[in-house]
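Worksheet: one structure, shown below.
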Amino acid sequence: MREQNVDTVHPGGTVITRAGDDIRWWTWAGYRANATLAGLTDERQRFSDEYLRLRTDLTPQMWKTAAADAVSRLCLPDIDVKAMRGLKLHEALPERLAMATLATRMADLESAKAVLSEPVRFSLRAE
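Residue numbers (this note's numbering): 31 to 157.
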């Protein structure tokens, strides 16, 4: 496992890797923090506990520009209607309130801010 992920971890911050058209920001911040950070990316991109996929044309300069004010653009994560329907007592709440409740539970704004404060290293990997 360690050898497999050596290019995705850096002791001084986070790592953005590119393998062909696959660009990933390896935060290792967890699902809730990455769900919060995903609001800063293209809405079609996926995320997991470990990383967020980023747009395929991303350059270090584009990253630097976008990251400059990213903390001020953080917001609650988007919630899927299916996830909202899984919320206990969702039928007792108006839909907007149920969605807001779930988004608040899913968000980790403090961890997202911490990730954004770390330096980012760009790395080209051979797959």
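No residue lacks a Cβ here, since even glycine has one placed at the ideal position from N, Cα and C. Only a predicted model underlies this, so the values are computations on that prediction, with no experimental measurement involved.
Spatial neighbours of residue i within its chain, please: CB distance less than 8 Å, with the 5 preceding and 5 following residues excluded, ordered by chain position.
{"i": "Q75", "result": "A68, L82, R83, L84, R85"}
Leaving aside the five residues before and after residue i along the sequence, list all residues of the same chain whose C-beta is less than 6 Å from its C-beta, in chain order.
{"i": "L60", "result": "Note that residue 60 corresponds to Gly in the displayed sequence, not to Leu. So the qualifying residues of the chain are D79."}
Thinking C-beta only, is residue j closer than 8 Å to residue i?
{"i": "T57", "j": "A49", "result": "no"}
{"i": "I109", "j": "A137", "result": "no"}
{"i": "P107", "j": "T66", "result": "yes"}
{"i": "T38", "j": "V150", "result": "no"}
{"i": "A128", "j": "L117", "result": "yes"}
Less than 8 Å between CB atoms is the rule here; does residue i satisfy it with respect to chain C?
{"i": "L104", "result": "Note that chain C does not occur in the displayed structure, where there is just one protein chain."}
Under the rule that 16 or more other beta-carbon atoms within 10 Å means buried, what is residue i, buried or exposed?
{"i": "T95", "result": "exposed"}
{"i": "R115", "result": "exposed"}
{"i": "T47", "result": "buried"}
Note down, in chain order, each residue of its chain lying with its Cβ closer than 7 Å to the Cβ of residue i, except the 5 sequence neighbours on either side.
{"i": "L139", "result": "T66, L104"}
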